[in-house]
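In the numbering used here, the protein residues as written are 55 to 476.
Here it is, written out as structure tokens:
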């Protein structure tokens with residue numbers, strides 16, 4: 055097996071070549087097979103009544119000026135209030151009266167399927183009760199092969215079997231709690247360094263000047279990719295994963311969010327994934343290419359010629375509308391994007407008695423401006439709903455059961471010879 059990522063201490067390749075097989079994979083139209091059939095019937099009925107711009111609205115979220123900015127797809131004409139999105143693997147982000155859950159790394163360290171599922175269910179239920187449709191969790195990328203990867207605690211383990219079981223149970227648990235679980239980051243996202251050009255170049259390191267033109271490329275042969283890094287994703291798809299987040303990095307030279315082979319060929323083709331693919335914040339690098347490569351939704355999808363988010367000009371939005379009108383993106387592809395998103399919504403039963411978003415993300419004030427940058431619409435922005443229930447009990451059990459006690463018999467530690475095992 056071969057896994058190559060260079061330079062920077064193990065994990066970066068700045069290869070510039072485009073993936074040579076990128077044009078071979080036609081975006082597969084979702085089939086709604088298996089237990090997705092009813093959800094797809096409802097989604098297709100919903101989407102067929104939408105206008106072009108309304109369908110585009112289901113794909114695009116931009117801007118950070120609104121109090122509840124992580125929303126998209128509001129369609130007043132048909133009474134659809136849109137979808138609310140939020141982080142994270144350890145609980146609802148940016149609010150009060152929600153639990154801080156044990157790290158996913160600890161969940162796996164319990165080796166207890168029931169505990170993993172129980173914490174995931176509680177996390178999903180808290181997101182739902184706060185009015186969050188889509189939660190950016192769980193994480194299996196990074197898998198955790200590099201000790202200095204930066205996000206390893208959000209995942210489960212470097213072992214694909216243990217990670218696959220834990221990942222699948224977490225997806226199933228969060229879904230059962232009522233929230234669409236977003237598996238992330240797809241794929242080979244094994245480091246934070248050089249994940250975005252502007253992010254790294256902004257670091258003022260004495261005597262060091264970086265001028266990277268693209269995010270790093272993680273390069274892996276097909277066997278390594280499938281036997282290690284894709285393995286857990288198969289488990290999660292099998293267990294009902296309804297959304298996948300594509301990662302910041304490039305994979306074999308092509309951006310993950312516009313990587314035709316990964317999204318169309320492997321995820322939607324080989325795995326038969328029925329849900330939607332969503333970008334990470336700022337991980338979209340193109341409009342037409344990402345559409346055709348299999349991405350279905352963008353969050354904070356502003357173009358950033360200078361690497362600065364918040365410009366309010368999306369790769370999609372009106373640009374996607376224009377791309378459909380001029381034939382660059384077939385309308386059937388847009389239909390599939392919208393249908394996949396709505397199928398996930400119906401698959402989780404969110405059309406029935408789902409709470410409205412009841413908090414302002416990142417602002418704990420009871421009253422404030424709905425659009426703070428413009429100082430418009432002063433209203434109640436937080437209802438301070440307590441969603442914690444008795445979840446402290448499962449959190450405590452996961453924490454306690456994840457502790458590993460080492461007995462240092464015959465002074466086996468620290469290691470003397472060999473000094474390292476891997």
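Virtual Cβ for every residue (Gly too), placed ideally from N, Cα, C. For clarity, every value in this text was computed on a predicted model and none was experimentally measured.
- According to the DSSP assignment, residue 228 belongs to the alpha helix (DSSP H) that extends over 214–231.
- Rounded to whole angstroms, the gap between the alpha carbons of residue 457 and residue 157 is 12 Å.
- Checking the DSSP bridge columns, you'll see residue 331 partnered with 298.
- Residue environment analysis places residue 445 among the buried positions, since at least 16 neighbouring C-beta atoms fall within 10 angstroms of its C-beta.
- Contact between the segment 196–206 and the segment 268–276 is not established, with fewer than three Cβ pairs separated by less than 8 Å.
- In the pairwise beta carbon analysis, the segment 138–156 is classified as not touching the segment 87–103: fewer than three pairs are separated by under 8 Å.
- In this chain, the alpha helix (DSSP H) harbouring residue 388 covers 385–401.
- Residue pairing from DSSP places residue 430 in a beta bridge opposite 425.
- If you look at residue 368, you'll find it isn't in any beta strand (DSSP E); DSSP assigns it neither H nor E.
- DSSP places residue 412 outside both helix and strand once states are collapsed to three, so it counts as coil.
- Shortest Cα-Cα distance from residue 402 to any of 425, 236, 279 involves 236.
- Residue 167 and residue 82 have their C-alpha atoms spaced approximately 33 Å apart.
- Inter-residue distance for residue 347 and residue 310 is about 9 Å (C-alpha atoms, whole angstroms).
- If you draw a 10 Å sphere on the C-beta of residue 143, you find 16 or more other C-beta atoms in it, and that means buried.
- With respect to residue 368, residue 345 sits apart: the two C-beta atoms are not nearer than 9 Å.
- Assignment of residue 129 by DSSP, reduced to helix, strand and coil, places it in the strand class.
- Residue 286 places its beta carbon 9 Å or farther from that of residue 185.
- With fewer than three CB-CB distances shorter than 8 Å, the segment 432–440 does not count as touching the segment 168–182.
- Residue pairing from DSSP places residue 240 in a beta bridge opposite 300.
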